[in-house]
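K.L.:
Chains as they are written, first to last, in the numbering used here: chain A, 42 to 287; chain B, 92 to 464.
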């Protein structure tokens with residue numbers, strides 16, 4: 042397989058004072074894959090994702106996203122990515138369309154394109170009944186799906202999802218992953234963090250972060266074999282325990 | 092440019108959808124104008140006086156009746172002893188005690204001079220000064236009559252004619268404190284609306300986390316700041332128009348100046364104030380912090396701006412500090428335009444200074460606003 046690397050990270054370190062949130066991370070993400078960035082709460086996932094999105098500057102190491110440097114070319118990176126943060130980030134006092142219009146407008150899309158694409162989107166999501174309601178009146182699962190759709194609305198090369206399914210019921214989570222697959226089919230590279238290990242099995246490749254370091258990285262199947270377990274859940278448990286022992 | 096339009100549209104949707112905010116924005120000026128313009132007055136309309144007349148002579152009665160005849164004085168009571176009068180003042184029933192000692196008339200006739208005592212409640216220093224000045228004027232008036240009545244030695248013509256000053260008050264001939272206050276209160280109003288709304292709005296986006304979603308887009312910082320500034324700029328100018336209409340209808344404030352000039356200057360001033368608000372917002376993570384900082388700055392600036400007291404009477408250091416106080420410039424100019432009818436030539440200095448101010452503050456705000464931390 043000839044694969045183009047869309048994200049390259051070498052020895053990434055991020056410190057907050059004396060606290061090392063990311064300790065020499067080295068990994069890459071291939072174009073078009075769904076990359077799982079797994080780890081417990083506080084393992085440093087969000088810190089890393091914010092650096093990749095150009096929201097936070099790295100302390101040291103080499104980071105390149107979509108061919109641009111994360112130190113000097115953050116604004117160029119931002120033109121090529123979408124981001125769905127852990128914190129829900131749609132405006133609750135606006136309707137879905139108004140949210141899409143706003144973010145689409147910021148990305149420089151024309152009113153006509155925004156309208157056409159959003160109509161298609163609402164149809165595909167079967168979202169018509171919520172179209173004119175305020176976000177705060179819409180159930181959480183639907184909101185998350187909408188937030189994801191907003192993050193990929195401008196058709197970025199890469200989309201970063203920071204715990205997109207937190208607090209969502211299993212059925213909606215399943216539907217959410219359908220959306221992720223759809224985006225991947227459209228050629229968008231997906232970088233997703235989660236601490237639900239069953240979701241890890243949906244990824245092409247997954248890294249497991251423990252205490253600011255990447256403990257291992259491979260396809261879910263290889264990881265399960267390597268550690269002689271039956272699920273990613275057990276893999277994660279083994280790795281987290283080993284790391285804590287050291 | 093299109094980006095700015097999208098931000099403005101979003102802000103206006105949110106403003107008009109917020110059911111509690113819009114009424115406050117437009118009810119507040121009416122209430123503030125009605126309450127403040129009527130209550131915050133430095134006019135002395137009624138001075139409560141108590142009299143201790145120990146002389147009980149024709150002269151003493153004539154002096155008391157002079158006070159009684161003045162529209163400002165109200166003789167509340169007459170007491171036999173100073174002690175009783177002091178007790179009345181202590182209870183807050185008297186603003187000033189007029190004490191005429193025994194032998195007042197006798198001394199006046201015999202020695203051509205006599206003493207009386209005025210005791211002024213000086214808790215409010217400014218009012219006390221005014222009471223003193225008014226009382227002295229009445230006593231001087233009494234003096235003149237006494238001299239012409241009692242003095243038998245002929246006085247040379249020139250001396251007898253005292254100089255008579257007829258004051259003529261320009262720009263506010265009735266010395267109406269309302270005419271002075273209403274433009275000032277309008278200035279405070281649009282300052283508060285502009286500074287607070289702009290500042291809180293941006294910090295709110297930080298609190299709810301939407302700022303992160305904006306920072307991850309390729310939006311230019313300038314576009315973002317402009318998009319955040321313009322909606323509140325329009326809102327504050329609408330507030331000014333509304334407040335002026337209220338001031339005209341309720342208080343019949345004379346309006347001598349050019350209205351477009353006033354709005355042009357207010358527009359420039361508001362850019363500075365909104366820039367200030369946005370600059371402050373870059374220092375605060377929560378609306379509470381933003382509120383405290385904005386309140387502190389607005390408070391100091393408003394108090395020093397000449398809203399209540401004349402800037403010229405402030406100590407030198409305060410006048411120097413006022414050079415960086417945008418509200419002081421606005422207070423001066425809004426009164427000049429409304430009450431004096433000043434034209435663009437008269438305020439060109441302020442226009443230049445505030446323009447420079449705007450360039451500095453907006454660049455500071457854009458520089459401080461960080462998309463990458």
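Using N, Cα and C, we set each Cβ at its ideal position, and we do this for glycine too. A quick note: this is a predicted structure, and the numbers were derived from the prediction, not measured.
#1: Among the residues of its own chain, which have a CB less than 7 Å from the CB of residue 276 of chain B, if the five just before and after it don't count?
#2: For residue 128 of chain A, I'd like the list of residues in its chain whose CB is within less than 6 Å of its CB, leaving aside the five on either flank, ordered along the chain.
#3: Go to residue 144 of chain B, then tell me how far its beta strand (DSSP E) extends in each direction, as first and last residue.
#4: Which residues mark the beginning and the end of the alpha helix (DSSP H) in which residue 311 of chain B is found?
#5: According to DSSP, is residue 190 of chain B part of a helix, a strand, or is it coil?
#6: Are the C-beta of residue 116 of chain A and some C-beta of chain B separated by less than 7 Å?
#7: Quick check on residue 93 of chain B: buried or exposed, where buried means 16 or more other Cβ atoms within 10 Å of its Cβ?
#8: List the residues of chain B whose Cβ lies closer than 7 Å to the Cβ of residue 58 of chain A, in chain order.
#9: Going along chain A, which residues have a C-beta under 7 Å from residue 319 of chain B?
#10: From B:185, B:230, B:193 and B:227, pick the residue whose C-alpha is nearest to that of residue 212 of chain B; which is it?
#11: Scan the stretch 83 to 102 of chain A for residues whose Cβ lies nearer than 9 Å to a Cβ of chain B and list them as they occur along the chain.
#12: If you follow the alpha helix (DSSP H) that residue 422 of chain B is part of, which residue opens it and which one closes it?
#13: Name the two residues that bound the continuous beta strand (DSSP E) containing residue 360 of chain B.
#14: Assign residue 376 of chain B to one of two classes, buried (16 or more other C-beta atoms within 10 Å of its C-beta) or exposed (fewer than that).
#15: Label residue 252 of chain B either buried or exposed according to how many other C-beta atoms from any shown protein chain fall within 10 Å of its C-beta, with 16 as the threshold for buried.
#16: Give me the residue from B:130, B:457 and B:102 with the minimum Cα distance to residue 312 of chain B.
#17: On the DSSP letters alone, give me the boundaries of the alpha helix (DSSP H) that residue 181 of chain B sits inside.
#18: Compile a chain-ordered list of the residues in the stretch 358 to 385 of chain B whose CB is closer than 7 Å to at least one CB of chain E.
#19: Mind checking if residue 292 of chain B is an interface residue toward chain A, Cβ cutoff 7 Å exclusive?
#20: Should residue 42 of chain A be labelled buried (16 or more other beta-carbon atoms within 10 Å of its own) or exposed?
#21: Do you know how far the Cα of residue 383 of chain B is from the Cα of residue 175 of chain A?
#22: For residue 428 of chain B, would you say it is in contact with chain A, using Cβ-to-Cβ distances shorter than 7 Å as the test?
#23: Have a look at the DSSP bridge pairing and note the partners of residue 100 of chain A.
#24: Is it the case that the Cβ atoms of residue 146 of chain B and residue 207 of chain B are separated by a distance below 7 Å?
#25: To the nearest angstrom, report how far apart residue 60 of chain A and residue 234 of chain A are at their CA atoms.
#26: Quick check: residue 95 of chain A and residue 115 of chain A, are their CB atoms within less than 7 Å of each other?
P.N.:
Result, derived from the coordinates:
#1: 123, 124, 127 and 128
#2: none
#3: 138 to 144
#4: It is not in any alpha helix (DSSP H) - residue 311 of chain B carries neither H nor E in the DSSP assignment.
#5: strand
#6: yes
#7: exposed
#8: Neighbours of residue 58 of chain A in chain B, taken as residues whose beta carbon is under 7 Å from its own, are absent, since the nearest beta carbon is some 14 Å off.
#9: Ordered by position in chain A, no residue passes the 7 Å Cβ test against residue 319 of chain B, which lies about 13 Å from the chain.
#10: B:185
#11: 91, 94, 95, 96, 97 and 98
#12: 417 to 426
#13: From DSSP, residue 360 of chain B is part of no beta strand (DSSP E) but of the alpha helix (DSSP H) over 350 to 372.
#14: exposed
#15: Note that residue 252 of chain B has pLDDT 44, beneath the 50 cutoff, so the model's placement of it is unreliable and no number is given.
#16: B:457
#17: Where residue 181 of chain B is concerned, the enclosing alpha helix (DSSP H) stretches over 173 to 181.
#18: The chain labelled as chain E is not found among the protein chains of the depicted structure, namely A and B.
#19: no
#20: Annotation note: pLDDT 47 at residue 42 of chain A (below 50); position unreliable, no value reported.
#21: Straight across, the Cα-Cα distance linking residue 175 of chain A with residue 383 of chain B is about 31 Å.
#22: So no, residue 428 of chain B is outside the interface.
#23: BP columns for residue 100 of chain A are empty, so no partner.
#24: no
#25: Taking the straight line from one Cα to the other gives about 21 Å.
#26: yes
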